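Undergrad: Residue numbers (UniProt numbering), protein chains in the order written: chain W, 1 to 477; chain Y, 1 to 477. By construction, the Cβ of each residue, glycine as well, lies at the ideal position given by its N, Cα and C atoms. Every value quoted in this text rests on a predicted model; they were computed, and no experiment measured them.
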């Protein structure tokens, strides 16, 4: 191949558009075949139909597995299955690893057992472990029985860790060497390999018990004179992980120390696996709080059925309706006050809404601070004071503005004062809740992003209405 | 050093706690020195005081620059400056590169010109370009005048790109080789280097015009027989970037193809720089939409002054207050209806609130889809239909539930029906706005996450009140 430069994102979008165009033409022809009954056209149409698919198939053949995965994710279900069937069976496993969980499920649903067994059989132990939770049980046991003893043990070991433990992302493929040989020996040893495991930027130096003594980067292997020994040249200080470390912590460490790969050790300092930067990038991508903050159970397939999507978003929505109902009952308790002064109904959503917004700003910063490990008991108090200070400033500023507007609109000074006071108080509530909810979640060992948003708006809505209408009841009636 | 395993996150948290403890003790002593005037104690106190700082200084000496950066970020301003002054001047530059923009500003404020010049003078061209926007002008020009011609040109080239262009993250340090030499020659050539540029996993093969012909991974360099030529062994198909590519697209490509480094080419296929995975990890981390969705202008220093934070969050808050006021005026237009039936004031926040929540769910998925390049003109229509379908399902389901509750609470069947219809209609509005706002933002070439949230709640609030109170005015009065 002489095609040196392969443009990336641009070409993926282009390729996606080309695939969509071919699929559209294919569908058109299919529609025509179905509609017309004249037999003499049949053959021609079928040929054209086949030709589009063949063109598509050639196009897919040239694409990287990750690109095919992205294209599958961007297609609605029927087109997705058409493309999926065109992919060569040998590539099924790699592509299944690349697609999102939701899309993987939709693809596996349409494969029969022997296809899945064939696809899974081509994977490494750690890859198989990634796929395992989505596989039907009889398929998994059939694949497992086809493995060698070592590999089976590796899959079982990987499956024994929880999803947020380093062990679940561990790679078993790695190169280990001894400290007492020369670099020349290492180079000769490596030349016997067809290939090195992905993202190999260093070799692990172990003793006869597989206990880690140091790491030899390919860089040092190349830069140093071949007659020097591994022990002289290797780095003895390095970043290592335990299998039960949290994956977020590992990802933070990869980011902080610019790592490409790092060894995973057991309690006896023995190397049991390896972490690589590509998996850590995925962790960082998935860490993005936006999805959980918005109340989605998990990343959703863009084209999953309406039912599935509703199920994914349902629990959160139900919870939201409960808290909205609660806030509504708070207002209900003040109906007499509102009947007395309808302006209150007009102004109250401002107090609750601004509370929700400022609280979300505070909470987002705190969640980010927690994720980056920047918040300890020692500085939490200081943060609370700072956020309360900002809330006071904003409350006084915007409370005055809105109080003034309320006064101008309804010609009642007390109404303006109630508006201002309610703003000041509710922003204090918002700041406190915005800090305390994620901190409490963290202390309880839970993901601070998860559910915080619902608790926050529940508080700022209910308290906003309560403070505003309560003050109004005391001072205006 | 024999300390093989350096635990990461755990030790960072531990170290942070230790630093905080030393700082607290240091402050305590400082306070005592100030309070008591007996001169004979003075010397002793000063010694103790100095001892804590010395201990801290030794601790800092042992830490990675990235760890010191994290510790600085987690400390309030006075403690941060104490630690910053203890750091050896030679490390200032590296640490300034690692801290967040907001913290960097706070540190630079407290350095004098010659300290900044010294720190900046130790950096590479691309690192200097990263720092440049934060440096006082006379400092930058002094540093620039101290550079060689090549390096000055590199800094100027890096500064000429916008923040979201690949050129701004480009690294100028790289190893290029010719295709017609043998691997043995390459190995001999490399051994003359003291070190290779960070994240060097491949060498760039160029002709005499610096035009890229292929890449030679260290892996292939090591695995192949030394007498083979570079041209035989190198990969000709590879991922390359242009300096004006969008950094998000580059980060997506690094993620998709599991890259560690990749060449940046000009329009004549000449290598002008290099992208590395560590910068891409930062891009992915910063891409997280949570901050912009929450209405923060940029990542904020946890311990920035109340004024600075208020300024950072202010513009969004002001916009929110405008939209909240608008929604409030919509309610104001229906005051007569509310005076007639106060229950409406109680129920209306439910309609607007649920609309906001479901709309945010839709919008978050769409923004993510756009970020991953999964949404094209061809599938947008389908997405709209799907989201409207889910909204209809949820509207009918939860509208019925809430309608029933409204009926039970207020014994009015028409009120229940108005509640249900308003829920159905407002969820349709929410779904439409949730899709169309980010798609329109994207078509206008803007960041779809930015400002979408405000537009969404503005619509769901105002429309929610309008639909609910409008229906009530027609059918209940």
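Compute the Euclidean distance between the alpha carbons of residue 444 of chain W and residue 102 of chain W, then round it to the nearest angstrom.
TA: Cα-Cα distance, rounded: 29 Å.
Undergrad: Would you be able to state if there are at least three C-beta pairs under 8 Å between the region 330-342 of chain Y and the region 388-404 of chain Y?
TA: Because the criterion of three Cβ pairs below 8 Å is not met, the region 388-404 of chain Y and the region 330-342 of chain Y do not touch.
Undergrad: Given that residue 381 of chain Y touches chain W, what residues does it touch there, using C-beta distances under 7 Å?
TA: Neighbours of residue 381 of chain Y on chain W: none; closest Cβ ~10 Å, over 7 Å.
Undergrad: Mapping DSSP to helix, strand and coil, what is residue 502 of chain W?
TA: Given a span of 1 to 477 for chain W in the structure shown, any question on residue 502 of chain W remains unanswerable.
Undergrad: According to the neighbour-count rule (16 or more other Cβ atoms, all chains shown, within 10 Å of its Cβ), is residue 411 of chain W buried or exposed?
TA: Exposed: under 16 other Cβ atoms inside 10 Å.
Undergrad: What is the DSSP secondary structure of residue 80 of chain Y, reduced to helix, strand or coil?
TA: Reduced to three states, the DSSP call for residue 80 of chain Y is helix.
Undergrad: Hey, does residue 110 of chain Y have any beta-carbon neighbour from chain W nearer than 8 Å?
TA: Chain W, which has no Cβ nearer than 8 Å to the Cβ of residue 110 of chain Y, makes this no.
Undergrad: Could you list the residues in the region 196-209 of chain Y with a C-beta less than 9 Å from some C-beta on chain W, going in chain order?
TA: Under the 9 Å Cβ criterion, the region 196-209 of chain Y contributes 196, 198, 199, 200, 201.
Undergrad: Do we get a CB-CB distance below 8 Å when we pair residue 327 of chain Y with the residues of chain W?
TA: So yes, residue 327 of chain Y belongs to the interface.
Undergrad: Can you tell me whether residue 188 of chain Y sits near the ligand GTP, meaning its C-beta is under 7 Å from at least one heavy atom of the ligand?
TA: Only the bare structure without any ligand can be found here, which leaves the ligand GTP out of the picture.
Undergrad: Return the first residue and the last residue of the alpha helix (DSSP H) that residue 315 of chain Y is part of.
TA: It spans 306-332 - the alpha helix (DSSP H) in which residue 315 of chain Y sits, taken as one unbroken run.
Undergrad: For residue 478 of chain W, collect the residues of the same chain with a Cβ closer than 7 Å to its Cβ; drop the 5 residues on either side in sequence, then sort them by chain order.
TA: Residue coverage of chain W in this structure runs from 1 to 477, which leaves residue 478 of chain W outside it and unanswerable.
Undergrad: Just verifying my parser: in three-state terms, what is the DSSP assignment at residue 171 of chain W?
TA: Strand at residue 171 of chain W.
Undergrad: Under 8 Å, Cβ to Cβ, is there at least one residue of chain W near residue 257 of chain Y?
TA: Residue 257 of chain Y counts as touching chain W.
Undergrad: Can you check whether the C-beta of residue 394 of chain Y is within less than 8 Å of a C-beta belonging to chain W?
TA: Yes, residue 394 of chain Y counts as interfacial toward chain W.
Undergrad: Report the neighbours of residue 369 of chain Y on chain W: residues whose CB is nearer than 7 Å to its CB, in chain order.
TA: 302, listed in chain order.
Undergrad: When DSSP builds the beta bridges, which residues end up paired with residue 211 of chain W?
TA: Answer is W/270, bridged to residue 211 of chain W.
Undergrad: Could you please give me the residues that DSSP links to residue 401 of chain Y through a beta bridge?
TA: Partner(s): none; residue 401 of chain Y has no beta bridge.
Undergrad: Alpha carbon to alpha carbon, how far is residue 356 of chain W from residue 388 of chain W? Give it in angstroms, no decimals.
TA: Their Cα atoms are separated by approximately 15 Å.
Undergrad: Using CA coordinates, which residue listed in Y/111, Y/273, Y/98 is at the minimum distance from residue 81 of chain Y?
TA: Cα-wise, what sits closest to residue 81 of chain Y is Y/111.
Undergrad: When you compare only the Cα positions, how much space is there between residue 35 of chain W and residue 354 of chain W?
TA: Residue placement at residue 35 of chain W is flagged as unreliable, the pLDDT there being 49, under the threshold of 50; a coordinate-derived value is accordingly withheld.
Undergrad: On the premise that residue 337 of chain Y lies in contact with residue 472 of chain Y, defined as a C-beta separation below 8 Å, what is that separation, rounded to the nearest angstrom?
TA: With a Cβ gap of about 6 Å, residue 472 of chain Y and residue 337 of chain Y count as contacting.
Undergrad: Classify residue 302 of chain Y: buried if its beta carbon has 16 or more other beta carbons within 10 angstroms, exposed otherwise.
TA: The residue is buried, with at least 16 neighbouring Cβ atoms inside 10 Å.
Undergrad: Classify residue 138 of chain Y as buried or exposed, calling it buried when 16 or more other Cβ atoms lie within 10 Å of its own Cβ.
TA: By the 10 Å Cβ count, residue 138 of chain Y comes out exposed.
Undergrad: So is residue 416 of chain W buried or exposed if we call it buried at 16+ other beta carbons inside 10 Å?
TA: It counts as buried.
Undergrad: Using 8 Å as the threshold, is the C-beta distance between residue 391 of chain Y and residue 431 of chain Y below it?
TA: The answer is yes: Cβ separation under 8 Å.
Undergrad: Considering only C-alpha positions, which residue in the set Y/57, Y/378, Y/104 is nearest to residue 69 of chain Y?
TA: Closest option to residue 69 of chain Y, Cα to Cα, is Y/104.
Undergrad: Can a CB atom of chain W be found closer than 8 Å to the CB of residue 223 of chain Y?
TA: So, interface residue.
Undergrad: For the region 81-103 of chain Y, enumerate the residues whose C-beta is nearer than 7 Å to any C-beta of chain W, in chain order.
TA: Those would be none; no residue qualifies.
Undergrad: Report the CB separation of residue 461 of chain Y from residue 327 of chain Y in whole angstroms; it is logged as a contact under 8 Å.
TA: Correct: roughly 4 Å between the Cβ atoms.
Undergrad: Return the chain-ordered list of same chain residues with a C-beta closer than 8 Å to the C-beta of residue 470 of chain W, the five sequence neighbours on each side being excluded.
TA: Counting only Cβ-Cβ distances below 8 Å, and skipping sequence neighbours, we find 334.
Undergrad: Among residues of its own chain, excluding the 5 on either side of residue 438 of chain W, which ones have a beta-carbon nearer than 8 Å to its beta-carbon?
TA: Closer than 8 Å at Cβ, skipping near neighbours: 363, 366, 367, 370, 448, 449, 452.
Undergrad: With three or more C-beta pairs closer than 8 Å as the rule, is the region 258-266 of chain Y touching the region 200-217 of chain Y?
TA: Result yes; three or more Cβ-Cβ pairs closer than 8 Å.
Undergrad: Would you kindly check if the distance between the Cβ of residue 125 of chain Y and the Cβ of residue 163 of chain Y is under 8 Å?
TA: No; because the gap between Cβ atoms is not below 8 Å, this pair is not in contact.
Undergrad: Chain Y beta carbons: is any one of them nearer than 8 Å to that of residue 374 of chain W?
TA: Interface residue, yes.
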